[in-house]
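Engineer: This structure is in structure tokens; I'll ask about it shortly.
Numbering (my numbering), first residue to last: 116 to 288.
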């Protein structure tokens with residue numbers, strides 16, 4: 116169970132990172148975390164309200180160094196920012212679900228597997244993006260409706276969010 120942090124603990128690494136380090140052999144480093152997150156930049160044409168919320172997610176990821184339980188919240192925030200970006204890009208007159216928005220982005224070819232850096236061998240049929248039509252809303256909902264599941268990182272989620280949004284709002288548009 117999470118405890119309310121004492122004042123003298125606020126600027127110290129969360130001890131749960133030390134637990135993960137025993138499993139992974141790697142201790143989280145604040146400077147490296149900041150450097151990694153600093154590289155995640157949205158395109159110039161991305162609307163400011165999306166950029167602002169994306170920066171909130173990045174700051175949450177950074178502060179997860181001090182409070183480990185923020186990491187799953189970063190996953191949720193990343194999904195919420197992605198959904199918001201989809202809504203702005205779609206400009207639909209009717210209310211669309213997250214699933215419908217992702218499906219629309221895939222069918223309009225706004226996003227593709229090749230646009231995601233974490234996919235080593237992107238498939239021309241965009242199988243990863245197509246899978247996200249079902250998976251992303253389910254993951255988002257599991258976080259939004261309560262879970263005790265903790266994750267060991269949130270930087271990949273930030274990268275995926277950036278790649279998704281940058282494909283929706285390409286600089287050459």
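Positions of the beta carbon are idealized from the N, C-alpha and C atoms, including for glycine.
As the structure is a computational prediction, the values presented were derived from the model and not from experiment.
1. What is the C-beta distance between residue 232 and residue 278, in whole angstroms, given that I count them as a contact (C-beta under 8 Å)?
2. Can you give the Cα-Cα distance for residue 219 and residue 284, rounded to whole angstroms?
3. I need the straight-line Cα distance from residue 201 to residue 217, nearest angstrom please.
4. Kindly list the residues whose CB is nearer than 7 Å to the CB of residue 247, restricted to its own chain and excluding five residues on each side of it in sequence; keep chain order.
5. Sorted by chain position, which residues of the same chain lie with C-beta nearer than 7 Å to residue 125's C-beta, five sequence neighbours on each side aside?
6. Can you tell me whether residue 217 is helix, strand or coil according to DSSP?
7. Please give the ranges of any beta strand (DSSP E) in the segment 116–145, keeping only runs that are unbroken, at least 3 residues long and fully inside the region.
8. Decide if residue 118 is buried, meaning its Cβ has at least 16 other Cβ atoms within 10 Å, or exposed.
9. Nearest to residue 175 by CA position, among 149, 157 and 160, is which residue?
10. Would the segment 119–139 count as touching the segment 153–166 if we require 3 or more Cβ pairs under 8 Å?
11. Identify which residue in 190, 225 and 242 has its Cα closest to the Cα of residue 261.
12. Could you tell me how far apart the beta carbons of residue 152 and residue 273 are, in whole angstroms, since I believe they sit closer than 8 Å?
13. Compute the Euclidean distance between the alpha carbons of residue 295 and residue 145, then round it to the nearest angstrom.
14. So, with DSSP's three-state summary, where would you put residue 163?
Structural biologist: On the basis of the data shown:
1. Here residue 232 refers to the residue found at position 117 when the chain shown is read from its first residue. Here residue 278 refers to the residue found at position 163 when the chain shown is read from its first residue. About 6 Å separates the beta carbons of residue 232 and residue 278, which is inside the 8 Å limit, making them a contact pair.
2. Indexing the chain shown from 1 puts residue 219 at position 104. Indexing the chain shown from 1 puts residue 284 at position 169. Roughly 15 Å between the two C-alpha positions.
3. Here residue 201 refers to the residue found at position 86 when the chain shown is read from its first residue. Here residue 217 refers to the residue found at position 102 when the chain shown is read from its first residue. If you take the alpha carbons of residue 201 and residue 217, they lie about 7 Å apart.
4. Locating residue 247 in the chain shown gives position 132, counting from the first residue. Within the same chain, 217 come within 7 Å of residue 247 by CB-CB distance, once the 5 residues on both sides are set aside.
5. Looking up residue 125 in the chain shown gives position 10. Once the five neighbours on either side are set aside, the close Cβ partners of residue 125 are 181.
6. On the chain shown, residue 217 is found 102 positions in, with the first residue counted as 1. DSSP, read as helix, strand or coil, puts residue 217 in helix.
7. Annotation note: the segment 116–145 contains no uninterrupted beta strand (DSSP E) run of length 3 or greater.
8. Stepping through the chain shown from its first residue, residue 118 is reached at position 3. It is exposed - the Cβ of residue 118 has fewer than 16 other Cβ atoms within 10 Å.
9. Here residue 175 is taken as the residue at index 60 of the chain shown, counted from 1. Ranking 149, 157 and 160 by Cα distance to residue 175 puts 149 first.
10. With a cut-off of 8 Å on Cβ pairs, the segment 119–139 is not in contact with the segment 153–166, counting fewer than three such pairs.
11. Here residue 261 refers to the residue found at position 146 of the chain shown. For residue 261, the closest of 190, 225 and 242 by C-alpha to C-alpha distance is 190.
12. On the chain shown, position 37 is the one that residue 152 refers to. On the chain shown, position 158 is the one that residue 273 refers to. Between residue 273 and residue 152 the Cβ distance is about 6 Å, and since that is below 8 Å, they are a contact.
13. Any answer about residue 295 is impossible in this case: the structure gives the chain only from 116 up to 288.
14. Working through the chain shown from its first residue, we reach residue 163 at position 48. In the structure shown, residue 163 sits in a helix (DSSP, three-state: H, G or I).
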